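J.: Dumping the structure here so I can ask a few things about it.
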Amino acid sequence: MKKTRFGLLAAAALWAVPTASWAQDADEDADAIEEGVEDGVDDDGADDIGDDIGDDIGIDDGGSGLGDICEIDPEACPTLKMEEEAAKPLNEKIIAVQQRFIIKKNRFELQPYWSLSLNDQFVGHPGPGLAVNYYITEALAVGINGNYYGPFNTDQEFNAQVRRAARVGVPLTEYDWGAALNFTYVPANGKFAGFGDFIFHYDFYVVGGVGAISTRPIPVIEPEYRIFEFEPKLAFNAGLGLKVFVNRWFAGFLEVRDYVFLDKLENLEDAQTSGLDPRDKSHWLGDSSLTNNVQLQIGASIFIPFSFEYRLPKAGADTTAAQ
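In short: position in the sequence shown from 1, add 34, done, that's the numbering used here.
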């Protein structure tokens, strides 16, 4: 029993000796670290430490940074020779087009034009006209327009030839003036290139309104007795147009518009043949006829004021209200 106890004590003593040595070494290392912190780390020593770390992880300070990537994954390595590409002369041409070339909102538009009748083969109704529009938004405008036909009505020679050959009268009408209140809507706009680098901007628009037109029949039957006066009639109009901008305030436009109204035509019955008094005005006019006066209008658009302040929308702002 005594031998057994002695053996256990000897084993415990042998185990305690290396444990104390390890603790002493750890304490010495901690003391060395504390002394290094208090005394400061030498710069050269820090650099040596950084170099050792860099060598351990394989960082090459003097390389381009692509060599290791190419060694790991050759497909990820650039195939272009960067030195040759960098030596090439740059001749790139970039044309920046502004988001919106012209701002129409809160601007007036003057449209002087010349009109030609397209669907009256007997009498031509050309004449000058003027329209004034105000754009409430970029796509919607309200305005007025007027046409003056007075001295420009032309009676075709064909009418006289028909009357002489067939002894048949053709009811003719001439116009004096026309005016209307209109609404214009621009559903589409864009741009196209022409004349080299010059870019044309265009608007496609629809227009419609209501107004009046003053007309009277041209006496064909008994012209020595019948003298007609101009009378205004209610007229509706609708049309399509294309506008091409030259700059920010001037454009040319082409428009086709149909003016629809009820017109009073001359009575083609001869009063003397019917035994009536040719001076009785109640027999001069016949039935009313729905008339379509289709006009081709060619002119210019002038926006006032001539300039505007262009503002880019702020990030996150709702830009739908400005359309």
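Where is the CB? At the ideal position from N, CA and C, for every residue including glycine.
Keep in mind that this is a model prediction, so the values were computed, not measured.
#1: Would you decide whether Val280 is buried or exposed? Buried here means 16 or more other CB atoms lie within 10 Å of its CB.
#2: Would you mind reading off the limits of the beta strand (DSSP E) that contains Ala165?
#3: Would you say Ile332 faces chain B, with C-beta separation under 8 Å as the test?
#4: Checking 8 Å against the spacing of the C-beta atoms, do Phe262 and Pro253 come in under that value?
#5: Which residue marks the beginning of the beta strand (DSSP E) containing Ala272, and which one marks its end?
#6: Grab me the residues of Ala57's own chain with a C-beta within less than 8 Å of its C-beta, minus the 5 sequence neighbours each way, in chain order.
#7: On the DSSP letters alone, give me the boundaries of the beta strand (DSSP E) that Glu143 sits inside.
#8: DSSP has Glu244 in a bridge; who is on the other side?
#9: Please confirm whether Tyr236 and Ala173 have their CB atoms less than 8 Å apart.
#10: Along the chain, where does the beta strand (DSSP E) that runs through Glu289 open and close?
#11: Can you give the Cα-Cα distance for Phe340 and Pro266, rounded to whole angstroms?
#12: Excluding the five sequence neighbours on either side, which residues of its own chain have a C-beta within less than 6 Å of the C-beta of Tyr209, listed in chain order?
#13: Which one of Ala165, Gln195, Tyr259 has the shortest CA to CA distance from Asp314?
#14: Closer than 6 Å by C-beta to Glu143: which residues in its own chain qualify, once you throw out the five before and the five after it? Chain order, please.
#15: Does the Cβ of Thr188 have 16 or more other Cβ atoms within 10 Å, making it buried, or fewer, making it exposed?
#16: Residues in its own chain within less than 8 Å of Val241 by CB, not counting five upstream and five downstream?
#17: Between which two residues does the alpha helix (DSSP H) carrying Ala121 extend?
#18: Taking the Cβ atom as the reference point for each residue, do Ala214 and Ile178 lie within a distance shorter than 8 Å?
#19: Can you name, in chain order, every residue of its own chain whose Cβ lies under 8 Å from the Cβ of Leu206, other than the five neighbours on each side?
#20: Start and end of the beta strand (DSSP E) containing Ile178?
#21: Mapping DSSP to helix, strand and coil, what is Lys225?
#22: With distances taken Cα to Cα, identify the nearest neighbour of Glu191 among Phe226, Val204, Gln145.
#23: Tell me which residues share the same chain as Asp321 and place their Cβ nearer than 8 Å to its Cβ, disregarding the 5 neighbours each side in the sequence.
#24: Let me check you understand the geometry: is the CB of Phe284 closer than 7 Å to at least one non-hydrogen atom of the ligand FAD?
#25: To the nearest angstrom, how far is it from the Cα of Gln145 to the Cα of Asn326?
#26: Report the partner residues of Ser322 according to the DSSP bridge assignment.
#27: Applying the 10 Å Cβ sphere with the 16-neighbour rule, what's the burial state of Lys122?
#28: Can you tell me whether Lys115 is buried or exposed? The criterion is at least 16 other CB atoms within 10 Å of its CB, across all chains shown.
#29: Residues in the same chain with beta-carbon distance under 6 Å from Arg282, minus the five sequence neighbours each way, listed in chain order, please.
#30: Looking at the strands, I want to know which residues DSSP matches up with Ser341.
#31: Could you give the C-beta distance for Asn140 and Gly163, rounded to a whole number, given that I count them as a contact under 8 Å?
#32: So, is Asp297 buried or exposed, given that buried needs 16 or more other C-beta atoms within 10 angstroms?
#33: Are the CB atoms of Ala269 and Gly212 nearer to each other than 8 Å?
T.: Per the coordinate set shown:
#1: In the sequence shown, residue 280 corresponds to position 246, counting from 1. Burial call: exposed.
#2: Sequence index remark: in the sequence shown, residue 165 carries index 131 (1-based). Per DSSP, Ala165 belongs to the beta strand (DSSP E) from 161-169.
#3: No chain B appears in this structure, which consists of one protein chain only.
#4: Here the question's residue 262 lines up with position 228 in the sequence shown. Here the question's residue 253 lines up with position 219 in the sequence shown. Contact flag set, yes.
#5: In the sequence shown, counting from the first residue as 1, residue 272 sits at position 238. It spans 265-279 - the beta strand (DSSP E) in which Ala272 sits, taken as one unbroken run.
#6: The residue you call residue 57 lines up with position 23 of the sequence shown. The predicted position of Ala57 is uncertain, since its pLDDT is 43 and thus under 50; no value can be drawn from it.
#7: Here residue 143 refers to the residue found at position 109 when the sequence shown is read from its first residue. Run containing Glu143: 142-151, per the beta strand (DSSP E) assignment.
#8: The sequence position of residue 244 within the sequence shown is 210, counting from 1. Looking at the sequence provided, one finds Val at residue 244 rather than Glu. Answer is Leu215, Phe270, bridged to Val244.
#9: One-based indexing of the sequence shown puts residue 236 at position 202. One-based indexing of the sequence shown puts residue 173 at position 139. Going by C-beta atoms, Tyr236 is not nearer than 8 Å to Ala173.
#10: Your numbering for residue 289 matches position 255 in the sequence shown. Per DSSP, Glu289 belongs to the beta strand (DSSP E) from 284-300.
#11: As a position in the sequence shown, residue 340 is number 306, starting the count at 1. As a position in the sequence shown, residue 266 is number 232, starting the count at 1. Taking the straight line from one Cα to the other gives about 36 Å.
#12: Sequence index remark: in the sequence shown, residue 209 carries index 175 (1-based). Hits under 6 Å: His159, Tyr183, Thr249.
#13: Numbered from its first residue, the sequence shown carries residue 314 at position 280. Taking the Cα of Asp314 as reference, the smallest distance to any Cα among Ala165, Gln195, Tyr259 is reached at Tyr259.
#14: By one-based count along the sequence shown, residue 143 stands at place 109. The beta carbon of Glu143 sits closer than 6 Å to those of Asn167, Ser335, Phe337, all from its chain and outside the five residues before and after it, given in chain order.
#15: As a working note, residue 188 is residue 154 in the sequence shown. Burial call: exposed.
#16: To locate residue 241, count along the sequence shown from 1; it is residue 207. Result list for Val241: Asn216, Phe217, Thr218, Tyr219, Asn271, Ala272, Gly273, Leu274, Gly275, Glu289, Arg291, in chain order.
#17: The count along the sequence shown starts at 1 and reaches residue 121 at position 87. Run containing Ala121: 116-121, per the alpha helix (DSSP H) assignment.
#18: Translated into positions along the sequence shown, residue 214 becomes position 180. Translated into positions along the sequence shown, residue 178 becomes position 144. Yes.
#19: Position 172 of the sequence shown, counting from 1, holds the residue named residue 206. Cβ within range, chain order: Phe156, Val157, Asp189, Asn193, Pro251, Ile252, Val254, Glu300.
#20: The count along the sequence shown starts at 1 and reaches residue 178 at position 144. Boundaries of the beta strand (DSSP E) harbouring Ile178: 174-182, taken from the DSSP string.
#21: The residue you call residue 225 lines up with position 191 of the sequence shown. In this structure, Lys225 counts as strand in the three-state DSSP scheme.
#22: In the sequence shown, residue 191 corresponds to position 157, counting from 1. When each option's Cα is compared against that of Glu191, the closest is Val204.
#23: The residue labelled residue 321 in the question sits at position 287 within the sequence shown. Same-chain partners within the cutoff: Leu299.
#24: Questions concerning the ligand FAD fall outside what the structure shown contains, since it holds no ligand whatsoever.
#25: The residue you call residue 145 lines up with position 111 of the sequence shown. The residue you call residue 326 lines up with position 292 of the sequence shown. Looking at the two C-alpha atoms, the distance is approximately 23 Å.
#26: In the sequence shown, residue 322 corresponds to position 288, counting from 1. Ser322 pairs with Lys298.
#27: Counting from 1 along the sequence shown, the entry for residue 122 is found at position 88. Flag for Lys122 reads exposed.
#28: Residue numbering aside, residue 115 sits at position 81 when the sequence shown is read from its first letter. Counting Cβ neighbours within 10 Å, Lys115 comes out exposed, since fewer than 16 surround it.
#29: Against the sequence shown, residue 282 aligns to sequence position 248. Ile136.
#30: On the sequence shown, residue 341 is found 307 positions in, with the first residue counted as 1. Bridge partners of Ser341: none, in fact.
#31: Position 106 of the sequence shown holds residue 140. Position 129 of the sequence shown holds residue 163. Actually they are not in contact, since the Cβ atoms of Asn140 and Gly163 sit about 25 Å apart, beyond 8 Å.
#32: Translated into positions along the sequence shown, residue 297 becomes position 263. With 16 or more other Cβ atoms within 10 Å, it is buried.
#33: Looking up residue 269 in the sequence shown gives position 235. Looking up residue 212 in the sequence shown gives position 178. Closer than 8 Å, so yes.
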